[in-house]
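One structure is given here, and the rest of the page talks about it.
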DNA sequence: TTGTATGCGTTATCAT
DNA sequence: ATGATAACGCATACAA
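Chains as they are written, first to last, in the working numbering: chain A, 415 to 781; chain B, 415 to 781.
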């Protein structure tokens with residue numbers, strides 16, 4: 415029998431990595447010493463450490479993470495709660511989250527809520543059951559954050575991504591949606607537009623009441639910030655009924671199409687269209703096209719969020735650009751810092767957003 | 415003191431849910447009985463069960479998932495390994511995976527590889543360390559799947575998504591990329607195109623050698639299937655050097671732009687462009703636009719995968735459409751079935767893909 | 001039907 | 001510096 419690497423234990427027909435106990439035995443030390451050696455903590459004599467490390471390598475030792483978790487009561491997993499991972503905005507956010515998490519030695523479990531509070535509550539509960547180390551959440555509700563408060567009380571820090579929640583004190587990271595939208599509106603208004611319509615999906619899956627009695631205080635999401643900038647900009651130039659052309663519709667391209675079609679069929683249709691995000695913009699552009707309108711001569715179009723395809727439409731779509739990937743990265747940075755320092759005042763991180771004027775914005779028609 | 419629900423134990427400043435032991439004590443039964451009652455297995459007398467359930471409710475008992483995992487040696491987590499979650503293709507796949515997983519009581523941890531084998535290997539190792547129940551992988555390498563074989567040997571089933579790997583026997587789900595691309599080529603060839611260029615990112619992050627000596631056998635990915643359909647279609651109509659206009663470039667829009675620009679600058683430029691996927695298409699379209707070419711009069715363009723924005727370009731982009739979301743869903747279905755029945759022959763699931771002819775395809779110029 | 005006892009693999013405490 | 005041992009919370013074989 416040679417000293418060739420012994421194969422890790424084989425049990426049943428599965429290949430189970432060697433345990434710390436086996437490493438310790440092979441190295442001729444106790445489990446405690448072996449643990450210290452592989453864990454790199456406490457004090458271990460050089461020769462002992464070497465023997466342990468050698469044994470570990472020979473046995474292809476891999477620490478059993480779930481056993482470790484049992485013992486420590488937590489994991490190195492970050493829960494990510496978003497509306498829809500297939501939405502490019504969240505796709506890029508998540509990529510940022512993932513990259514930052516990995517750098518910090520964490521991995522991520524992703525859950526979609528479809529903007530439904532019920533779904534989000536269940537998701538958060540499941541994640542807490544799994545003992546995630548922390549949560550990055552783009553909450554579905556602006557008014558109900560009890561489940562998130564519970565997470566915090568369970569010692570699981572929460573970082574709010576892109577959105578805010580009433581009555582929840584937590585670290586937050588979002589971009590300057592107000593400023594970005596304001597820039598876009600400035601361009602539109604400067605070009606003479608007064609009848610500017612706004613199509614937004616801010617209202618959740620079921621849509622919101624469309625009447626003018628909409629509670630502005632409820633609009634504390636990023637989409638709400640954009641809407642506020644929109645309304646304020648209009649008011650500043652003396653538009654009497656700024657909400658006249660404001661349309662809130664369910665999430666999705668088709669709903670945006672319908673809303674836009676209705677807008678364009680109005681007796682006095684808008685001369686410019688503001689799509690709250692890139693998915694909405696898809697519906698808006700299709701409706702404009704189907705109405706036979708040419709952009710920007712007959713109607714101007716802008717979007718409140720960048721789209722990968724903004725430069726391949728004809729004309730190229732003017733949009734607000736925000737650092738979406740960075741939004742994700744920073745949210746994890748904040749989370750990890752909070753993990754390291756649970757106390758301390760919560761922080762808001764506001765990333766810049768700017769309007770990029772491409773070719774879909776033109777002068778308002780004289781009519 | 416009333417009989418009001420007792421608050422779960424408070425330790426330190428964290429709110430830790432009650433343990434099974436506490437539930438058992440409160441119900442006046444042993445841990446084993448309590449476990450059977452809350453777990454819904456074994457046999458428990460009705461009154462005992464009721465007392466346990468009541469106690470559990472009062473204490474807001476939540477099973478400690480990680481302790482359970484330690485005991486059972488596995489988790490209810492599925493590892494998802496893709497190149498880039500911010501790529502719409504993987505975004506939609508992942509959404510399908512997530513939905514199907516949740517339905518089956520699993521959650522997902524997502525890892526990006528950026529098409530790098532090293533990264534994928536590390537990811538798989540980490541996931542195995544976490545004791546994921548199974549893996550859904552869109553592998554970066556077509557030739558090296560050792561790490562995936564190791565996963566299988568560890569008893570962790572692997573489902574290959576959208577791509578295949580040499581020497582790996584596993585369940586696979588992909589769409590009929592060959593058929594879809596063939597339909598697209600039929601349209602192009604039928605319209606008289608012979609100088610059809612193909613721009614693909616099949617080659618991984620660093621790009622591949624572009625010379626004609628490209629090993630076709632290595633092209634066993636979905637992108638490879640499309641390329642094969644492309645080459646075959648050209649050969650069938652007597653094109654002598656079908657590879658003349660084939661361009662493999664690194665992943666990304668910019669690389670596609672460059673490749674296309676070069677193609678268009680050729681002494682005898684192509685009359686049609688086949689973009690392997692939607693990200694590539696972005697670069698292709700921009701290059702076409704910058705070259706001042708009008709689609710489809712001067713040049714035709716098709717994409718091998720659907721894009722959300724295909725209908726908002728002018729003209730609307732003709733693409734192959736495949737059920738991407740369903741790809742994800744089915745991969746999990748296969749995985750769960752494999753989990754239930756580890757033995758049994760591996761299965762291939764091929765979903766249909768079809769060419770949707772929109773407005774970017776026209777007759778080949780006479781010249 | 002119920003309870004006792006033990007194991008899972010790790011981390012951590014406390015003597016030695 | 002090291003080893004024996006407890007503890008984490010749950011699952012389960014086996015005895016009662």
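By construction, the Cβ of each residue, glycine as well, lies at the ideal position given by its N, Cα and C atoms.
Taking a cut-off of 8 Å on C-beta distances, the segment 572-591 of chain A touches the segment 729-748 of chain A, as three or more cross pairs fall below it.
The beta carbon of residue 714(A) sits no closer than 8 Å to any beta carbon of chain B. Spatial neighbours of residue 520(A) in its own chain (CB-CB distance under 7 Å, excluding positions within 5 residues in sequence) are listed in chain order as 490, 491, 492 and 547. Put simply, the CB of residue 502(A) is near chain B, with a gap under 8 Å to one of its CB atoms. For residue 567(A), the residues of chain B that pass the 7 Å Cβ criterion are 429, in the order they occur in the chain. For residue 540(B), the chain A residues whose Cβ falls inside 7 Å of its Cβ are 521, in order along the chain.
The Cβ of residue 499(B) sits closer than 8 Å to at least one Cβ of chain A. Interface residue (Cβ-Cβ distance to chain A less than 8 Å): residue 546(B) is not classified as such. Restricting attention to 753(B), 605(B), 485(B) and 662(B), the CA atom closest to the CA of residue 691(B) is found in 662(B). Think of a sphere of 9 Å around the beta carbon of residue 524(A): the chain B residues whose beta carbon falls inside it are 494, 499, 508, 512, 521, 522, 523 and 524, in chain order. Listed in chain order, the beta strand (DSSP E) runs fully inside the segment 465-527 of chain B are 491-496 and 521-526, counting runs of at least 3 residues. Boundaries around residue 548(B) are those of the beta strand (DSSP E), 548-551, since no alpha helix (DSSP H) includes it.
By the C-beta criterion, the segment 606-613 of chain A is judged to be in contact with the segment 657-675 of chain A, since at least 3 inter-stretch pairs fall below 8 Å. In the assembly as shown, residue 527(B) is a buried residue. Its beta-carbon has 16 or more other beta-carbons within 10 Å. When DSSP states are grouped into helix, strand and coil, residue 607(A) belongs to the coil group.
A direct Cα-Cα distance of roughly 10 Å separates residue 728(A) from residue 730(B). In the same chain as residue 645(B), and ignoring 5 residues on each side of it, the C-beta atoms closer than 6 Å to its own belong to 656, in chain order.
When the alpha-carbon of residue 516(B) is set against those of 763(B), 755(B) and 747(B), the nearest one is in 747(B). If you look at residue 759(B), you'll find it isn't in any alpha helix (DSSP H); DSSP assigns it neither H nor E. Residue pairing by DSSP places residue 768(A) opposite 735(A) in a beta bridge. Note on geometry: alpha-carbon atoms of residue 463(A) and residue 467(B) lie some 49 Å from one another.
Think of a sphere of 8 Å around the beta carbon of residue 483(B): the chain A residues whose beta carbon falls inside it are 480, 483 and 484, in chain order.
Not a single CB atom of chain B sits nearer than 8 Å to the CB of residue 615(A). Counting only runs of 4 or more residues that sit fully inside the segment 632-708 of chain A, the alpha helix (DSSP H) segments are 636-650, 667-678 and 692-704, in chain order. A Cβ-Cβ distance of about 17 Å is found for the pair residue 598(B) and residue 738(B), leaving them out of contact under the 8 Å criterion. Residue 517(A) has a beta carbon lying at 8 Å or more from every beta carbon in chain B.
Judged by DSSP in its simplified three-state form, residue 612(B) adopts strand. The straight-line gap separating the alpha-carbon atoms of residue 769(A) and residue 586(A) is approximately 23 Å.
Bridge partners of residue 589(B) according to DSSP: 765(B).
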